Amino acid sequence: MTQTIVKATDREITLDLPRFGTCTYRESEVLTFPWGLPGFASLRRFIALNLAGQERFVWLQSLDDPAVALPTADPWQIFEDYAPQLPPYATSSLELQRPEDFATLCVVVVSPGAVEMTMNLLAPIVVNLRTRVARQVTLETGGYSVQEPIPRKAPAAAAGA
Amino acid sequence: MIGDDVRIVVVAVDRDTVKLGIEAPRTIPVHRSEVYEEIQRTNRAAAGEPPPAKPAEGAKVVDLGKGRKPPAKH
């Protein structure tokens, strides 16, 4: 007999966020950052959000402090050759075994007036898709920049994905 | 030594300059504080920017597993 385990406590929670308005999420969708984030060391629980029409941005919205949300994006949308080598402490602390186990997001800084954007390629945020545990990992090789300028006519940006 | 696992070593001495190195197990992240501080500042700057417009229909949770994976290496 096959058994299916249904988590009875995976309830839906609806929030009214200061930046994004109404948002509904399940407990199972919460991302845990046991080490916080540089600059936000005490924040532990986040959810990943899209805004309609801006699907190329993933907003990491803090559940501990509703005023905090970090814009991130898939680095390969813009930097196709990005090849982050995760240091051993990252793969072991996040229990990563295969490339399919995790997702990678890089923080984006949008300058006022949305004229220029930069991406932090030096410290990607790595999310274990199975455990929902995440960490911002500083790379030790590759010579990547914390503020890599995003070209105006990036491949995915031009398509408005 | 710092604790049982971290060792500060002298790498080179030149006149009035001493170059130090840090030996630590690969399970511990070791970074220069300038790098960490730059990442802190960038995170705070990123979080300080409001989204372009507050959407009428709110926000939806993303399925991160559907994101683009890194290109396969040959």
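First to last, the sequence lines map onto chains S and C.
According to the numbering used here, the first sequence is numbered sequentially starting from -13.
According to the numbering used here, the second sequence is numbered sequentially starting from 192.
Glycine residues also receive a C-beta, built at the ideal position from the N, C-alpha and C atoms.
Quantities reported herein were computed from a predicted structural model and do not represent experimental measurements.
Taking C-beta to C-beta, are residue i and residue j nearer than 8 angstroms?
{"i": "S/Val112", "j": "S/Pro73", "result": "no"}
{"i": "S/Pro61", "j": "S/Met103", "result": "no"}
{"i": "S/Ala59", "j": "S/Leu46", "result": "no"}
{"i": "C/Ile230", "j": "S/Ala76", "result": "no"}
{"i": "S/Ile(-1)", "j": "S/Thr8", "result": "no"}
{"i": "S/Val119", "j": "S/Pro20", "result": "yes"}
{"i": "C/Ala215", "j": "C/Val221", "result": "yes"}
{"i": "S/Asp(-4)", "j": "S/Glu13", "result": "yes"}
{"i": "C/Thr233", "j": "S/Ser78", "result": "no"}
Put residue i into one of helix, strand or coil per three-state DSSP.
{"i": "S/Trp62", "result": "helix"}
{"i": "S/Val93", "result": "strand"}
{"i": "S/Asn114", "result": "strand"}
{"i": "S/Phe34", "result": "The displayed chain sequence assigns Ala, not Phe, to residue 34 of chain S. Of the three classes helix, strand and coil, the one that applies to S/Ala34 here is strand, per DSSP."}
{"i": "C/Gly212", "result": "strand"}
{"i": "S/Phe6", "result": "coil"}
{"i": "C/Ile230", "result": "helix"}
{"i": "S/Ser48", "result": "strand"}
{"i": "C/Asp205", "result": "strand"}
{"i": "S/Tyr130", "result": "coil"}
{"i": "S/Tyr75", "result": "helix"}
{"i": "S/Pro98", "result": "helix"}
{"i": "S/Leu205", "result": "The shown model of chain S, from -13 to 147, leaves out residue 205 of chain S, and the question about it has no answer."}
{"i": "C/Ala238", "result": "helix"}
{"i": "S/Ala147", "result": "Only weak support exists for where S/Ala147 lies, its pLDDT of 45 falling under 50; the coordinates are left without a value."}
{"i": "S/Glu(-2)", "result": "strand"}
{"i": "S/Pro85", "result": "helix"}
{"i": "S/Pro56", "result": "Rather than Pro, the amino acid found at residue 56 of chain S in this sequence is Leu. DSSP places S/Leu56 in strand when its eight states are reduced to three."}
Out of the options, point me to the one whose CA is closest to residue i's CA.
{"i": "S/Asp51", "options": "S/Pro4, S/Gln133, S/Ser79", "result": "S/Pro4"}
{"i": "S/Gln40", "options": "S/Phe6, S/Pro24, S/Phe88", "result": "S/Phe6"}
{"i": "C/Ile193", "options": "C/Val204, C/Ile213, C/Ala203", "result": "C/Ile213"}
{"i": "S/Leu107", "options": "S/Gly129, S/Pro98, S/Val101", "result": "S/Gly129"}
{"i": "S/Pro24", "options": "S/Asp87, S/Arg121, S/Phe88", "result": "S/Arg121"}
{"i": "S/Pro137", "options": "S/Ser131, S/Phe65, S/Ser48, S/Arg(-3)", "result": "S/Phe65"}
{"i": "S/Gln71", "options": "S/Thr127, S/Val54, S/Thr90", "result": "S/Thr127"}
{"i": "S/Ala53", "options": "S/Arg42, S/Ala38, S/Ala69, S/Leu29", "result": "S/Leu29"}
List the whole-angstrom C-beta distance separating residue i from residue j, where the pair is believed to meet the contact cut-off of C-beta under 8 angstroms.
{"i": "S/Val44", "j": "C/Val253", "result": "5 angstroms"}
{"i": "C/Lys251", "j": "S/Asn36", "result": "5 angstroms"}
{"i": "S/Leu115", "j": "S/Phe88", "result": "6 angstroms"}
{"i": "S/Gln63", "j": "S/Arg31", "result": "Not quite, the Cβ-Cβ distance comes to about 26 angstroms (not below 8 angstroms), so this is no contact."}
Starting from residue i, find everything on chain D with Cβ-Cβ shorter than 7 angstroms and list it in chain order.
{"i": "C/Ile219", "result": "In summary, chain D is missing from the structure at hand, where the protein chains are S and C."}
- Task: Report yes or no: do three or more beta-carbon pairs, one from the region 226 to 241 of chain C and one from the region 87 to 99 of chain S, lie closer than 8 angstroms?
- Result: yes
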